[in-house]
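One structure is given here, and the rest of the page talks about it.
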DNA sequence: TTTCATCTTGACCATACGGTCAGGAAACGA
DNA sequence: TCGTTTCCTGACCGTATGGTCAAGATGAAA
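Now the structure itself:
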């Protein structure tokens, strides 16, 4: 666990805000702790300390550790899906896939913890979000495959396998979040700068879009 | 945890073999349990059951859970490094990177558990193998960047950023191991067939090698 | 056969963890 | 001001886990 202090948290007076703010603080702390320690390694005490609340208070807002974890994972899943809109209403792969890579790379930078929790959940067999994989994600995937196939049919890109293209997009963009520690180590121990993030985005877009013959 | 039975284990009579076989059975079981449950979620009892040995016997061969985990991670790291040889002695990117993708994809298929343990270790900040990242992996990376740069200088591929190319190779190939559960779900719940694995390898090689202008 | 090192294992222990609860404090509406 | 709901929290509990240990079984060397 890193040595940084607890999540910033304000203490509003209004009743409804109390609940909202405390749940927010707990979810933020939980996301970070679950990402850094895994579900099994995370403890309610650690999350409580980072949220700046006594442990018993967590159980007032979230019945069990599993409930809290489920909420964290669902939250991440929705962020993933929001990035999907980049695909829609795009005239071709350069705009659609280019925007999707931009969006996913931004998420990797802004929500690295969430991405790790998602990766960990899937690696452990998706015990909590298996139904999401089988419904929402599958539908989303089929829809995008159809879009990509249409672009191929229209001659806007080479006839690559759309499914493996999607896997490459997910893998490459999420790698910058999930393996951020390794990347930072190979970057002299320093986090990527704004310029380096821009370079990463440009490199990924360049290699992918050329790889599929869109440019 | 999946419901499959314990790791196959033979019971040799010879003294030296006893140690070797038991360590092998324990390491195999540990790799699987650590991959499926994470370090914190794994229990020595679970590993012992899967190895077909009493828990106390694990502690005879491996002093602590950390020791056992460290051995598992080191084992995986060496497998990664062996695949590096694909890069060496290649006349150009088509052969070198093509062979590297082949090797990494084969590892993803044959050692999915190891890949997951590695991913989990890095995601949690590499508490056990940080020194490997800073020495062996960094050196290896710098060496391959130099090779790629040479290929670029010789006009054998486009001038892409070699570092981000390596990240894309790692991300894409390891995705098929780390996210195998998600891939299987999106494949109708069935593991990829031989034919599908071949298709995956071909797709990755095609997109990457075209992306870097090697073909 | 005897001796010795290696291997095996059930029983046990201290600790840490998720979760509970009762009693009090604070906010809100009337 | 008063009553009610919501929020807060220290103290506590049962369980599961990593690890220990001492006594016994087994194989190899003499």
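Residue numbers (my numbering), protein chains in the order written: chain A, 13 to 227; chain B, 13 to 227.
Built from N, CA and C at the ideal position, the CB exists for glycine as well.
Amino acids of chain B, ordered along the chain, whose beta-carbon sits closer than 9 Å to that of residue i
{"i": "residue 145/A", "result": "193, 194, 197, 198"}
{"i": "residue 177/A", "result": "215, 219"}
{"i": "residue 128/A", "result": "135, 136"}
Neighbour flag for residue i against chain A, beta carbons, 8 Å
{"i": "residue 69/B", "result": "no"}
{"i": "residue 43/B", "result": "no"}
{"i": "residue 85/B", "result": "no"}
{"i": "residue 168/B", "result": "no"}
{"i": "residue 82/B", "result": "no"}
{"i": "residue 32/B", "result": "no"}
{"i": "residue 132/B", "result": "yes"}
{"i": "residue 153/B", "result": "yes"}
{"i": "residue 15/B", "result": "In this prediction, residue 15/B scores a pLDDT of 35, lower than 50, which makes its location untrustworthy; the coordinate-derived value is nonetheless stated afterwards. Taking Cβ atoms only, chain A never reaches closer than 8 Å to residue 15/B, which makes this a no."}
{"i": "residue 29/B", "result": "no"}
Short CB-CB distance (under 8 Å) between residue i and chain B
{"i": "residue 225/A", "result": "yes"}
{"i": "residue 190/A", "result": "yes"}
{"i": "residue 218/A", "result": "yes"}
{"i": "residue 205/A", "result": "no"}
{"i": "residue 136/A", "result": "yes"}
{"i": "residue 123/A", "result": "no"}
{"i": "residue 117/A", "result": "no"}
{"i": "residue 150/A", "result": "yes"}
{"i": "residue 7/A", "result": "Nothing can be reported for residue 7/A: it is not among the residues displayed for chain A, which extend from 13 to 227."}
{"i": "residue 96/A", "result": "no"}
{"i": "residue 183/A", "result": "yes"}
{"i": "residue 180/A", "result": "yes"}
Neighbour list for residue i in chain B, Cβ cutoff strictly below 8 Å
{"i": "residue 51/A", "result": "50, 52, 53"}
The ligand GTP heavy atom lying under 7 Å from the CB of residue i
{"i": "residue 197/A", "result": "Among the ligands in the structure shown, none appear at all, so the ligand GTP cannot be discussed."}
8 Å Cβ cutoff met for residue i and residue j
{"i": "residue 67/B", "j": "residue 75/B", "result": "no"}
{"i": "residue 48/A", "j": "residue 137/B", "result": "yes"}
{"i": "residue 178/B", "j": "residue 219/A", "result": "no"}
{"i": "residue 122/B", "j": "residue 209/B", "result": "no"}
{"i": "residue 106/A", "j": "residue 226/A", "result": "yes"}
{"i": "residue 65/A", "j": "residue 34/A", "result": "yes"}
{"i": "residue 39/B", "j": "residue 87/B", "result": "yes"}
{"i": "residue 51/A", "j": "residue 50/B", "result": "yes"}
{"i": "residue 98/A", "j": "residue 108/A", "result": "yes"}
{"i": "residue 222/B", "j": "residue 223/A", "result": "yes"}
{"i": "residue 216/A", "j": "residue 180/B", "result": "yes"}
{"i": "residue 130/A", "j": "residue 85/A", "result": "yes"}
{"i": "residue 169/A", "j": "residue 128/B", "result": "no"}
{"i": "residue 132/B", "j": "residue 132/A", "result": "yes"}
{"i": "residue 241/A", "j": "residue 73/A", "result": "The first residue shown for chain A is 13 and the last is 227, placing residue 241/A beyond what the model contains."}
{"i": "residue 45/B", "j": "residue 37/B", "result": "no"}
{"i": "residue 157/A", "j": "residue 126/A", "result": "no"}
Closer than 9 Å at the beta carbon, the chain A residues around residue i
{"i": "residue 112/B", "result": "Residues of chain A passing the Cβ test: none, with the nearest at roughly 15 Å."}
Contact set between residue i and chain A, taken where Cβ atoms lie within less than 7 Å
{"i": "residue 173/B", "result": "211, 215"}
Where residue i meets chain B, residues with beta-carbon distance less than 7 Å
{"i": "residue 77/A", "result": "Here the premise fails: no neighbours, minimum Cβ distance about 12 Å."}
Enumerated in chain order, which unbroken segments of the alpha helix (DSSP H) with a length of 4 residues or greater are wholly contained in the region 126-181 of chain A? Listed in chain order, they are 150-165.
4 or more residues per run - each alpha helix (DSSP H) lying fully within the region 22-57 of chain B: DSSP runs (the alpha helix (DSSP H)) wholly in the region 22-57 of chain B: 27-53.
My parser needs the alpha helix (DSSP H) runs of 4 or more residues fully inside the region 46-119 of chain A; what are they? Runs of the alpha helix (DSSP H) inside the region 46-119 of chain A: 56-63, 67-73, 77-94.
Any contact of the region 162-169 of chain A with the region 160-180 of chain B, i.e. 3+ C-beta pairs under 8 Å? Using a Cβ-Cβ distance cut-off of 8 Å, the region 162-169 of chain A and the region 160-180 of chain B are not in contact, since fewer than three pairs of beta carbons, one from each stretch, lie closer than that value.
Does the contact criterion of 3 or more C-beta pairs under 8 Å hold for the region 76-83 of chain B versus the region 107-120 of chain B? Note that the region 76-83 of chain B does not touch the region 107-120 of chain B; fewer than 3 beta-carbon pairs, one per stretch, sit closer than 8 Å.
If we count Cβ pairs, one from each stretch, closer than 8 Å, do we get three or more for the region 179-198 of chain B versus the region 186-193 of chain A? Output reads yes: the region 186-193 of chain A touches the region 179-198 of chain B.
Tell me, please, whether the region 196-209 of chain A touches the region 137-147 of chain B by the rule of three or more beta-carbon pairs shorter than 8 Å. Three or more beta-carbon pairs separated by less than 8 Å link the region 196-209 of chain A to the region 137-147 of chain B, which places the two stretches in contact.
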